[in-house]
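**Student:** 1 is the number of the first residue of the sequence shown in full-length UniProt numbering; add one for each residue after it.
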Amino acid sequence: MNWNWNFSVVLEWTGIEMELTTTHLEGQFPGDETKKINNMDMATAVRYLSETDAELQVLGAAFIQHECYNDTEAKKEVHRCNGIPELVRLFNSENQEVARYATGATRNLIYENMDNKVALIEGGGIPQLIEALKVNDDELRKNITGILWNLSSKDNLKEKLAKETLGELTERILIPLSGSGDYEVIQQSPSEVDIFYNTTGCLRNLSSVNEKTRRQMRETNGLVDALVGYIQASLQDGKVEEKGVENAVCVMRNLSYQLYSEIPPSAMLRLEGPTRGQDTSRSEAIGCFTPQSKKVKNMNQDLVTFTEVARVPKGLEWLWHPQVVGLYNRVLQGCEFNFTTREAAAGALQNITAGDKRWAGVLSRVALEQERMLPVMLDKLRTNNDLELRSLTGFLRNLSRHAKDKNAMATKTVNNLVDKLPVDGQQKEPSSDVVVNICGALNNMVTCSAVAARDITFFDGLQKLVAIKNSNDSRYGIRRNIDSSVSCWWVVPLIPCLFLRSVMFDFTSC
1 MNWNWNFSVV LEWTGIEMEL TTTHLEGQFP GDETKKINNM DMATAVRYLS
51 ETDAELQVLG AAFIQHECYN DTEAKKEVHR CNGIPELVRL FNSENQEVAR
101 YATGATRNLI YENMDNKVAL IEGGGIPQLI EALKVNDDEL RKNITGILWN
151 LSSKDNLKEK LAKETLGELT ERILIPLSGS GDYEVIQQSP SEVDIFYNTT
201 GCLRNLSSVN EKTRRQMRET NGLVDALVGY IQASLQDGKV EEKGVENAVC
251 VMRNLSYQLY SEIPPSAMLR LEGPTRGQDT SRSEAIGCFT PQSKKVKNMN
301 QDLVTFTEVA RVPKGLEWLW HPQVVGLYNR VLQGCEFNFT TREAAAGALQ
351 NITAGDKRWA GVLSRVALEQ ERMLPVMLDK LRTNNDLELR SLTGFLRNLS
401 RHAKDKNAMA TKTVNNLVDK LPVDGQQKEP SSDVVVNICG ALNNMVTCSA
451 VAARDITFFD GLQKLVAIKN SNDSRYGIRR NIDSSVSCWW VVPLIPCLFL
501 RSVMFDFTSC
């Protein structure tokens, strides 16, 4: 049996919505108009939307926006009054002030309100929003992208939203504001910062839904290039902590999920290279023993020319290009405070090195031998954030599988990995996912390395593994019927391996 499990992870970021905005009526309108608003009711406001007078339309939309700020009943009342179709009709008003207030009111209306989201879509709201996006007005675009972000928070709306918005969002917002394409630097006004943040928040939600949408996003012209360009420019400008970067890296991580099974077959054939169809990246391990008759050949050749990819990556090729390993490495090193961004970068690295495909092994060795990422990863293991730790240990687990010198890797990593294991199997931290990743990494090394067995024993890892095996903690056993690799029984093969390997080491070192 082969105990080299590999996980790909993606953060299912499905519930994030754009924050509400309120309208401060005082000072916005002349005195008489303010009195009209103060004396208005919702039915009157909705009626004003259908008037031909632009001033009345503005008053009605402003009242709705103000009343629907954190007021669930007001949102329901607008729905009962059939106000959403009237607002949709005003999105492309010739009067930009009317369009701004109509979209601002809609943004508040749909926030955490599924009925209003559905009414907006059924009323033809998405095509009208995309049409309005063509208007070069920052306030209007901020409202529109905020609406799209809020709509994207619901899984059952994501496919339709992706189909109708990806091209325009990429062309009109993402590329111009990312510092890619014809724009060599990021030059965003305060409003454009919000617009870009809203847009990438929407893309972040869309990228988490399913394979169909991920494929569509990967193949959208300019989308991946814009994300990479923005991350690169932000690193250069020292702005890697910003929320726009967080969203961009999260989208990249999600688009890397199940990458080798979802990319076009022609691309996969190229990545399999001259030895495709043969598993030359690892040796099969049975129990504690590794058949030495299977020699790993031409490993270093993988790291020389990369004839399978273009010298300058473009489009979805960025997702698996060796250069992207360096990009994620720079994010991990440069991002000191935003753990979500670090977690996403580590998760992307975990995704592109997962599994037994040849290219997963190539990128693993790029990380180990060219980027020399091991010290960086071990330093980041000091985090107490479990989500970040899960991605970091998942990536290390993949590296341990593909590393050609497992003795060297064991010498550098075993102490740090064992240190993260629970002492007695009863601790609540780290999570079971982290423990599974750590023990998977240890297993990958110990089946091929007496040094790993020696160090696991020396650093009290054996006691910890036995404690996990004997633990009654439901975290290690409750998912037995869901995913057998998470159950505590998988620790069992490690223990005799450790005993045997440590004895062999003692014998051979005499």
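No residue lacks a Cβ here, since even glycine has one placed at the ideal position from N, Cα and C.
In this text, all values refer to a predicted model and were calculated from it rather than measured experimentally.
What does the Cβ neighbour count give for residue 351, buried or exposed, with the cut at 16 atoms within 10 Å?
**Tutor:** By the 10 Å Cβ count, residue 351 comes out buried.
**Student:** Run through the region 363-392 for me and flag every whole alpha helix (DSSP H) of 4 or more residues, listed as ranges in chain order.
**Tutor:** Here the runs fully enclosed are 374-380.
**Student:** Does the region 418-435 come into contact with the region 395-403, if we say contact requires no fewer than three beta-carbon pairs (one atom in each stretch) closer than 8 angstroms?
**Tutor:** Counting Cβ pairs under 8 angstroms, fewer than three are found: no touch.
**Student:** Within 10 angstroms of the Cβ of residue 360, are there 16 or more other Cβ atoms? Answer buried if so, exposed if not.
**Tutor:** Flag for residue 360 reads buried.
**Student:** With 16 other CB atoms within 10 Å as the buried threshold, where does residue 440 fall?
**Tutor:** Its Cβ being crowded by 16 or more others within 10 Å, residue 440 is buried.
**Student:** Given this structure, state the Cα-to-Cα distance separating residue 82 from residue 73, to the nearest angstrom.
**Tutor:** Cα to Cα, the separation comes out at about 14 angstroms.
**Student:** If I follow the unbroken alpha helix (DSSP H) through residue 133, where does it start and stop?
**Tutor:** That residue, residue 133, is in no alpha helix (DSSP H); it is neither H nor E in DSSP.
**Student:** For the alpha helix (DSSP H) that residue 81 lies in, which residues bound it at each end?
**Tutor:** No alpha helix (DSSP H) contains residue 81, which DSSP labels as neither H nor E.
**Student:** Which value, in whole angstroms, describes the spacing of the CA atoms of residue 314 and residue 321?
**Tutor:** Their backbone Cα atoms lie some 9 angstroms apart in a straight line.
**Student:** Taking all protein chains shown into account, do 16 or more other C-beta atoms lie within 10 angstroms of the C-beta of residue 309, making it buried, or fewer, making it exposed?
**Tutor:** Residue 309 comes out buried.
**Student:** Just mark residue 65 as buried or exposed, buried being the case when its beta carbon has 16 or more other beta carbons within 10 Å.
**Tutor:** Its Cβ being crowded by 16 or more others within 10 Å, residue 65 is buried.
**Student:** Between which two residues does the alpha helix (DSSP H) carrying residue 441 extend?
**Tutor:** That run of the alpha helix (DSSP H) goes 432-446.
**Student:** Around the Cβ of residue 464, are there at least 16 other Cβ atoms within 10 angstroms (buried) or fewer (exposed)?
**Tutor:** Result: buried.
**Student:** What is the DSSP secondary structure of residue 91, reduced to helix, strand or coil?
**Tutor:** Coil.
**Student:** Can you check whether the CB of residue 327 is closer than 8 angstroms to the CB of residue 236?
**Tutor:** For residue 236 and residue 327, no; Cβs fall outside 8 angstroms.
**Student:** Locate the alpha helix (DSSP H) running through residue 536, then write down its first and last residues.
**Tutor:** Outside the displayed range of the chain (1 to 510) lies residue 536, so it cannot be described from this structure.
**Student:** If you draw a straight line from the C-alpha of residue 368 to the C-alpha of residue 311, how long is it?
**Tutor:** Spanning the two alpha carbons is a distance of roughly 20 angstroms.
**Student:** Given 8 angstroms as the limit, is there contact between the region 135-146 and the region 87-101, that is, 3 or more CB pairs closer than that?
**Tutor:** Enough Cβ pairs lie closer than 8 angstroms, so yes.
**Student:** Is residue 250 helix, strand or coil by DSSP?
**Tutor:** Note: residue 250 maps to helix in three-state DSSP.
**Student:** Quick one: does residue 262 have its CB under 8 angstroms from some CB of chain C?
**Tutor:** Going by chain labels, chain C is absent from the structure shown, which holds only one protein chain.
**Student:** Within this structure, are the beta carbons of residue 240 and residue 341 separated by less than 8 angstroms?
**Tutor:** In contact: residue 240 and residue 341 (Cβ atoms closer than 8 angstroms).
**Student:** Our contact map puts residue 164 next to residue 186 with C-beta atoms below 8 angstroms; I'd like the distance itself, whole angstroms only.
**Tutor:** That pair is no contact at about 27 angstroms.
**Student:** Is it true that the region 405-413 meets the region 448-456, where meeting means three or more beta-carbon pairs spaced less than 8 angstroms apart?
**Tutor:** Result yes; three or more Cβ-Cβ pairs closer than 8 angstroms.
**Student:** Could you have a look at residue 320 and say whether DSSP puts it in helix, strand or coil?
**Tutor:** DSSP places residue 320 in coil when its eight states are reduced to three.
**Student:** Can you look up residue 178 in the DSSP assignment and give me helix, strand or coil?
**Tutor:** Note: residue 178 maps to helix in three-state DSSP.
**Student:** Hey, would you say residue 207 sits closer than 8 angstroms to residue 217, going by beta carbons?
**Tutor:** Yes. Within cutoff.
**Student:** Going straight from the alpha carbon of residue 387 to that of residue 80, what length do you get?
**Tutor:** Their Cα atoms are separated by approximately 42 angstroms.
**Student:** Is it buried or exposed, residue 57, if we count other Cβ atoms within 10 angstroms and call 16 or more buried?
**Tutor:** By the neighbour-count rule (16 or more Cβ atoms within 10 Å), residue 57 is buried.
**Student:** Is there contact here, the region 100-117 with the region 160-180, by at least three beta-carbon pairs under 8 angstroms?
**Tutor:** The region 100-117 is not in contact with the region 160-180.
**Student:** Quick check: residue 123 and residue 78, are their CB atoms within less than 8 angstroms of each other?
**Tutor:** Not in contact: residue 123 and residue 78 (Cβ atoms no closer than 8 angstroms).
**Student:** Could you check if residue 379 is buried or exposed, using at least 16 other CB atoms within 10 Å of its CB as the buried criterion?
**Tutor:** Under this definition residue 379 is an exposed residue.
**Student:** Could you say which of 213, 211, 214 and 178 lies nearest to residue 197 if we only look at CA atoms?
**Tutor:** Selected option, being the one with the closest Cα: 178.
**Student:** What did DSSP end up calling residue 449 once you bin it into helix, strand or coil?
**Tutor:** DSSP places residue 449 in coil when its eight states are reduced to three.
**Student:** Skipping 5 residues on each side, what residues in its chain have a beta carbon closer than 7 angstroms to that of residue 334?
**Tutor:** Here the set comprises 235 and 240.
**Student:** Looking at the secondary structure, which residues open and close the alpha helix (DSSP H) in which residue 165 lies?
**Tutor:** Run containing residue 165: 155-169, per the alpha helix (DSSP H) assignment.
**Student:** By Cβ distance below 6 angstroms, which residues in the same chain neighbour residue 344 in space, the five residues on each side in sequence not counted?
**Tutor:** For residue 344, where only same-chain residues beyond five positions count, the Cβ hits under 6 angstroms are 249, 250 and 253.
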